[in-house]
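Chemist: Provided herewith is a single structure, encoded as structure tokens, for subsequent inquiry.
Protein chains: 2
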Amino acid sequence: MATPSSQPVFRATTTAPVNIAVIKYWGKRDTTLNLPTNSSLSVTLSQKSLRTLTTASCSPSYPTEDTLNLNGRPQEIQSSKRTLACISSLRTLRKSLEDADSSLPKLSSYPLRIVSENNFPTAAGLASSAAGFAALVRAVADLYQLPQSPRELSRIARQGSGSACRSLMGGYVAWRTGELADGTDSLAEEVAPASHWPEMRAIVLVVSAEKKDVSSTEGMQTTVATSELFAQRVSSVVPERMTAIEEAIRDKDFPKFAEITMRDSNTFHATCLDSWPPIFYMNDVSRAAVRLVHDINNAVGRTVAAYTYDAGPNSVIYYEEKDTELVAGTIKSILGATAGGWDGPFYEPLANVTSSVSLEKTDPRVLDVLKNGISRVILTGVGEGPISVEDHLVTETGEMVNQ
Amino acid sequence: MATPSSQPVFRATTTAPVNIAVIKYWGKRDTTLNLPTNSSLSVTLSQKSLRTLTTASCSPSYPTEDTLNLNGRPQEIQSSKRTLACISSLRTLRKSLEDADSSLPKLSSYPLRIVSENNFPTAAGLASSAAGFAALVRAVADLYQLPQSPRELSRIARQGSGSACRSLMGGYVAWRTGELADGTDSLAEEVAPASHWPEMRAIVLVVSAEKKDVSSTEGMQTTVATSELFAQRVSSVVPERMTAIEEAIRDKDFPKFAEITMRDSNTFHATCLDSWPPIFYMNDVSRAAVRLVHDINNAVGRTVAAYTYDAGPNSVIYYEEKDTELVAGTIKSILGATAGGWDGPFYEPLANVTSSVSLEKTDPRVLDVLKNGISRVILTGVGEGPISVEDHLVTETGEMVNQ
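Chains as they are written, first to last, in UniProt numbering: chain W, 1 to 403; chain U, 1 to 403.
In structure tokens:
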């Protein structure tokens, strides 16, 4: 680890996954601490498809200030209260280790150099902040050799981006709203590992670029402050759904999982529409994908697919591996060559798909809207939490690796 | 009234208006009696723009069965329970008059010949059933010379189509949900006559034909049965809004009227989206019109326009006459020659409009979507209830007038 100048550079590198909620996080009861109004639950998506790779390094040889480089661009770290909050919490934990054991190197006193890159285009409209903050927290925690569990680290990641706390674990992850005002009990926890129900697949339908209506940070607080239906969602609808979907995951009951997922997406967007002024994230392409999923389920005669929408028009459609042809195959037959992304590690079962669900009853306009409106698909599935790797983005001598 | 065969033909003709709710009717607590889950409130629109014209006639010379002709087409009256319910109630009232006064002709024993026509295209997607049932009830009541008030007749019209009860009066009309199981207290009443606030204007933006998602009759019961947010709307949101909007009407407080109108439209569509399966009536064109209205209000610096959406994509935008240029003028400047309907009795103040609100801050895509998506406008305003006229659609000898 020694540099030519004999000043050590310490490094740790991790990947972190994207997660897509099936019970949505929407609304904060504390905007500084990122404490949510309701619990949420997500599926961690495989890093074979989508991942953030982050190296955290520190060295007494670095210039005084902490730095963060994201996708090749230096970030204004000092103006990001959220990033500072995460780093500060991690540094405090390191400091207490050093105080207890004087043999430890004084990493907490060295400037940090953090370098991060996503393997998916920002244009995909996938919430990259969750993977980003999870990777940042995991990488720095690894660098500092912190003993805290992912659950404990989720408290820190939450301060970066609420949903980031769910990207510190794989599989099926709940973020409990907690009750304490200081947020110490607002933590993520694994409901089931990916290995419990590894057959879960997801296809992301990326809608051709459209400017977002309002940011989710702003939008959710508008909903909290103005929607007259929102309190009902928080006090009654979500708690019941959390219990039910955890049962569905435990029992690997896809139809139950699917209905709750779709209904919660709809309720979330309903509270957006009920906000003042109203917030719209779904567009006509999103609506067409909703129709398609219902039509596929009706045509098959059982629930094989479930849509969900975050704060944007892209659809994420969950299905089980055994139904790949019925779901992804049907989508492939509709989109044909009009959408990119029919490749990657989850493509193999689709390579030779020739038949699909009959869509006789589907309004041809729905198919046209999808064909014209979806630019790209991403094939993926449930996956693991952050993984330590050796693909450092900072060299042994502390230089950023050319990307 | 004597026919060549010396058999008398009795006739009465009325026009009836369309009404557009500002507090929406959505959900029945009794589907047979058409009893609503919540009170609603509407503005009756001027019959100078939109009206149904209906002649009710009866004669001992007519063949045995009652007949109904709508827009030149005979209707299957016997299979329409709702039409039969209205006619039966009216006939019963006539019968009791005849029983009390034997000098009256026995009209209740004669077959009815009812002929009706709308002056607006069905393609306009305007709920024609409200005007249609109101005209039918009013015309038959006039034919039978019934002493019942519009309020009392609203109980009958309600059984034809819920919202029809509100078209029996002009101006600002509330339909009280009532509490009795037999529906006798579920009646419409005039909150204020058109003359109280005659400056109210409305422009209908007719969205290029799109198949309706589901009928309102089916859709509202899906919402009642499945939306977990719906109970909140019924028990709390609507009652508060009814009180507030009646105050706004009393005070002619347009900004207050406007906000409640827009919010209630949004809440109604939110409960549709929260239904299972979800119901969508608004599309990207509707959303663009929502944006436009908010942008106009922001650009002007006060609330001059209010959108509302029924169970379809068309916008109805309310404004006050003094703001015609700011609202309708701006819309005219956007749509230019791409939409028909820039004519009629309410067009005059717009004929020479050359300026409009600056839409610098409006996303150009919003303007494109409106330009490409709106096929027609209808200019109108608040108006009167049904009017007795002599333009009979049935001749003195009982023949249908060629239309």
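Positions of the beta carbon are idealized from the N, C-alpha and C atoms, including for glycine.
1) Can you tell me whether M1 of chain W is buried or exposed, with buried defined as 16 or more other CB within 10 angstroms of its CB?
2) Give me the Cβ distance between I203 of chain W and L379 of chain W, rounded to the nearest whole Å; I'm assuming they're in contact under 8 angstroms.
3) Quick one: what's got a C-beta closer than 8 angstroms to R302 of chain U's C-beta in the same chain, skipping five residues either side?
4) Count the CB pairs spanning the segment 219-235 of chain U and the segment 256-273 of chain U that are closer than 8 angstroms, and state whether there are at least three.
5) Looking only at its chain, what residues have a beta carbon closer than 6 angstroms to the beta carbon of G340 of chain U, apart from the 5 residues adjacent to it on each side?
6) Using a threshold of 8 angstroms, state whether the C-beta atoms of P386 of chain U and T15 of chain U are closer than that.
7) Relative to the alpha-carbon of R287 of chain W, which residue among W:M262, W:E228, W:Y319, W:R250 has its alpha-carbon at the smallest distance?
8) Within 8 angstroms, do at least three Cβ pairs link the segment 60-78 of chain W to the segment 5-14 of chain U?
9) Between which two residues does the beta strand (DSSP E) holding L45 of chain W run?
10) Does the contact criterion of 3 or more C-beta pairs under 8 angstroms hold for the segment 186-205 of chain W versus the segment 313-323 of chain W?
11) Taking 8 angstroms as the CB-CB cut-off, is W276 of chain U touching chain W?
12) Checking contacts by CB at 8 angstroms: is L367 of chain U closer than that to chain W?
13) I want to verify the contact list: residues of chain U whose CB lies under 8 angstroms from the CB of Q232 of chain W, in sequence order.
14) Would you verify that the beta carbon of A248 of chain W is, or is not, closer than 8 angstroms to some beta carbon of chain U?
15) Determine the chain W residues that contact L205 of chain U at a beta-carbon separation under 8 angstroms, and present them in chain order.
16) How far does the alpha helix (DSSP H) with P60 of chain W in it reach, from first residue to last?
17) What residues of chain W sit near N266 of chain U, judged by a beta carbon separation below 7 angstroms?
18) Of the choices U:A289, U:R250, U:T397, U:A134, whose alpha-carbon is the least far from that of S195 of chain U?
19) What residues of chain W sit near V290 of chain U, judged by a beta carbon separation below 9 angstroms?
20) Since Q221 of chain U and K28 of chain U are thought to touch, with beta carbons under 8 angstroms apart, how far apart are those beta carbons, to the nearest angstrom?
21) Hey, does V300 of chain W have any beta-carbon neighbour from chain U nearer than 8 angstroms?
22) If you drop the 5 nearest sequence neighbours on each side, which residues of the same chain put their C-beta closer than 8 angstroms to that of T3 of chain W?
23) Using DSSP bridges, identify the partner residues of E320 of chain W.
24) Measuring only the C-alpha atoms, how far is L41 of chain U from C86 of chain W?
25) Would L97 of chain U and L104 of chain U qualify as a contact pair, given that the criterion is a beta-carbon distance under 8 angstroms?
26) Taking just the CA atoms, how far does L180 of chain W sit from L292 of chain W?
27) Check whether the Cβ atoms of D66 of chain U and L112 of chain U lie closer than 8 angstroms to each other.
28) Give a yes or no on whether 8 angstroms exceeds the smallest Cβ distance from R82 of chain U to chain W.
29) Which whole runs of the beta strand (DSSP E) in the segment 352-387 of chain W are 3 residues long or more, in chain order?
30) Go to E179 of chain W, then tell me how far its beta strand (DSSP E) extends in each direction, as first and last residue.
31) So, using beta-carbon positions, are N314 of chain W and V206 of chain W closer together than 8 angstroms?
32) Tell me whether Q47 of chain W is buried or exposed, calling it buried when 16 or more other Cβ atoms sit within 10 Å of its Cβ.
33) Which chain W residues are close to R287 of chain U, counting only those with a beta carbon under 8 angstroms from its beta carbon?
34) What would DSSP say about E76 of chain W, mapped onto helix, strand or coil?
35) For a test of the three-state rule: what should DSSP assign to N266 of chain U, helix, strand or coil?
36) For A305 of chain W, decide whether its Cβ has a neighbour in chain U, counting only Cβ atoms nearer than 8 angstroms.
Modeler: So, from the data block:
1) At M1 of chain W the pLDDT is 44, less than 50, meaning the model places this residue with poor confidence and gives no usable figure here.
2) Confirmed, about 6 angstroms.
3) So the qualifying residues of the chain are P255.
4) A contact exists between the segment 219-235 of chain U and the segment 256-273 of chain U.
5) When the five nearest sequence neighbours on each side are left out, the beta carbons in the same chain lying within less than 6 angstroms of the beta carbon of G340 of chain U are those of R376, in order along the chain.
6) Yes. Within cutoff.
7) When only C-alpha atoms are compared, the closest one is W:M262.
8) At 8 angstroms Cβ cutoff, the stretches do not touch.
9) That residue, L45 of chain W, is in no beta strand (DSSP E); it is neither H nor E in DSSP.
10) Touching, yes, given that three or more Cβ pairs across the two stretches are closer than 8 angstroms.
11) Yes, its Cβ sits closer than 8 angstroms to a Cβ of chain W.
12) Taking 8 angstroms as the CB threshold, L367 of chain U stays off the interface with chain W.
13) Chain-ordered, the chain U residues with CB closer than 8 angstroms to the CB of Q232 of chain W read E228, L229, A231, Q232.
14) Not an interface residue.
15) Here the premise fails: no neighbours, minimum Cβ distance about 17 angstroms.
16) Counted as a single uninterrupted DSSP element, the stretch harbouring P60 of chain W is not any alpha helix (DSSP H), since DSSP gives it neither H nor E.
17) Near N266 of chain U (Cβ distances below 7 angstroms), the residues of chain W are L273, D274, P278.
18) Out of U:A289, U:R250, U:T397, U:A134, U:R250 has the C-alpha closest to the C-alpha of S195 of chain U.
19) Scanning chain W for C-beta atoms nearer than 9 angstroms to the C-beta of V290 of chain U yields P277, P278, F280, reported in chain order.
20) 7 angstroms between Cβ atoms; contact.
21) With its beta carbon at least 8 angstroms from every one in chain U, V300 of chain W lies outside the interface.
22) In this prediction, T3 of chain W has a pLDDT of 46, which is less than 50 and means its spatial position is unreliable; what the coordinates show is noted afterwards. Here the set comprises V9, S59, S61, E396, T397, G398.
23) According to DSSP, E320 of chain W bridges with W:M200.
24) Each residue's CA atom was taken as its position, placing L41 of chain U and C86 of chain W some 52 angstroms apart.
25) Yes. Within cutoff.
26) Cα to Cα, L292 of chain W sits roughly 42 angstroms from L180 of chain W.
27) For D66 of chain U and L112 of chain U, yes; Cβs fall inside 8 angstroms.
28) R82 of chain U does not count as touching chain W.
29) The beta strand (DSSP E) runs lying completely inside the segment 352-387 of chain W and spanning 3 residues or more are 374-381, given in chain order.
30) Here E179 of chain W belongs to no beta strand (DSSP E), and DSSP marks it neither H nor E.
31) In this structure, V206 of chain W lies closer than 8 angstroms to N314 of chain W by Cβ.
32) Its Cβ being crowded by 16 or more others within 10 Å, Q47 of chain W is buried.
33) Going along chain W in sequence order, the residues near R287 of chain U (Cβ under 8 angstroms) are F280, N283.
34) Reduced to three states, the DSSP call for E76 of chain W is coil.
35) Of the three classes helix, strand and coil, the one that applies to N266 of chain U here is helix, per DSSP.
36) Contact with chain U is absent for A305 of chain W, since none of that chain's Cβ atoms lies less than 8 angstroms from the residue's Cβ.
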